[in-house]
């Protein structure tokens, strides 16, 4: 199919219209344009949602331009771009409300940097996952063309993993994460949560991206996410003490959350390297 031949089907026209309306209505809200400019002036926290949105749509545009299914041409490129923007506005920036983190109140009105870090990380992870679903061919061994339901199905599955992993993380905290982020404004706790979310987002993105060869490719990702969850349990329960804290001469505890953030990044990087090593090995065996 060429760009000139690409025409949206009837159901796709309806989806495109709804996604366009959502994107037009919600994007100004996401960026804080619906509030008085005083809420954005001298508010460093307000910059993070914008950065997360820009990076996410840039990632989606990159995948659509270079690595999407061959059937994604012409108007379909714009179709998936608008769909991604709508999903970011709803699933990315509003879903943290489920965990008590509100973009409008905590970030724009209260200028809470800790809340902005967590919300933006969740939104960026959402954008990463949606972009990953567009990467590769739906039928790499045949001539069948993909449909919008294929990336959306993988997105729902991948994003559900992100939601579940977030719930497990919050439940594993020794005290309320919402209180420490919203009321105490703990940037260290926010950084640890953001590192966890981005790590899970990277793993899920890798799992849903690429040509679909089978479900066994996701087993490594599940193993790494489980390892991250176990690490969080160890850190939150202070067991063992050497892994989570460093005792200072005054007896204070420092470095626990920093270690946790680094550990999540290492797990995500390790998964990325191992996944590519396994792919290279599989390609060699295939030849």
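Numbering (my numbering), first residue to last: 125 to 411.
Ideal Cβ placement from N, Cα and C applies to all residues, glycine included.
These figures come from a predicted structure and were not determined experimentally.
Residue j beta carbon less than 8 Å from that of residue i
i           : j           : result
residue 247 : residue 173 : yes
residue 223 : residue 302 : yes
residue 311 : residue 327 : no
residue 244 : residue 315 : no
residue 308 : residue 381 : no
residue 273 : residue 333 : no
residue 227 : residue 242 : no
residue 300 : residue 321 : no
Residues bridged to residue i [DSSP beta-bridge criterion]
i           : result
residue 314 : None, per the DSSP bridge assignment.
residue 192 : 259
Candidates the options: closest to residue i by CA position
i           : options               : result
residue 211 : 283, 398, 356 and 324 : 283
residue 240 : 306, 179 and 352      : 306
residue 213 : 276, 391, 143 and 292 : 143
residue 218 : 177, 203 and 204      : 177
residue 168 : 221, 325, 236 and 281 : 236
residue 171 : 161, 395, 155 and 180 : 155
residue 76  : 352, 281, 162 and 204 : Because residue 76 is not part of the residues shown, which for the chain are 125 to 411, the question remains open.
residue 393 : 182, 329 and 359      : 329
residue 354 : 321, 293 and 300      : 293
residue 398 : 140, 331 and 251      : 331
residue 220 : 158, 288, 391 and 207 : 288
residue 250 : 157, 396, 299 and 208 : 208
residue 146 : 182, 215, 285 and 160 : 215
residue 388 : 206, 401 and 350      : 350
residue 180 : 206, 317, 238 and 164 : 206
Hey, is the segment 199-214 in contact with the segment 222-232, meaning 3+ C-beta pairs nearer than 8 Å? Judged by Cβ distances under 8 Å, the segment 199-214 makes no contact with the segment 222-232, as fewer than three pairs qualify.
Let me know the alpha helix (DSSP H) ranges lying completely inside the segment 251-308, each 4 residues or longer, listed in chain order. For the segment 251-308, whole alpha helix (DSSP H) runs of length 4 or above, ordered along the chain, are 273-295.
Pairs of beta-carbons, one from the segment 170-190 and one from the segment 249-262, closer than 8 Å: are there three or more? The way I'd put it, the segment 170-190 does touch the segment 249-262; three or more beta-carbon pairs between them come closer than 8 Å.
Stretch pair the segment 130-137 + the segment 146-156: three plus CB contacts closer than 8 Å: With a cut-off of 8 Å, the segment 146-156 and the segment 130-137 do not count as touching, because too few Cβ pairs lie within range.
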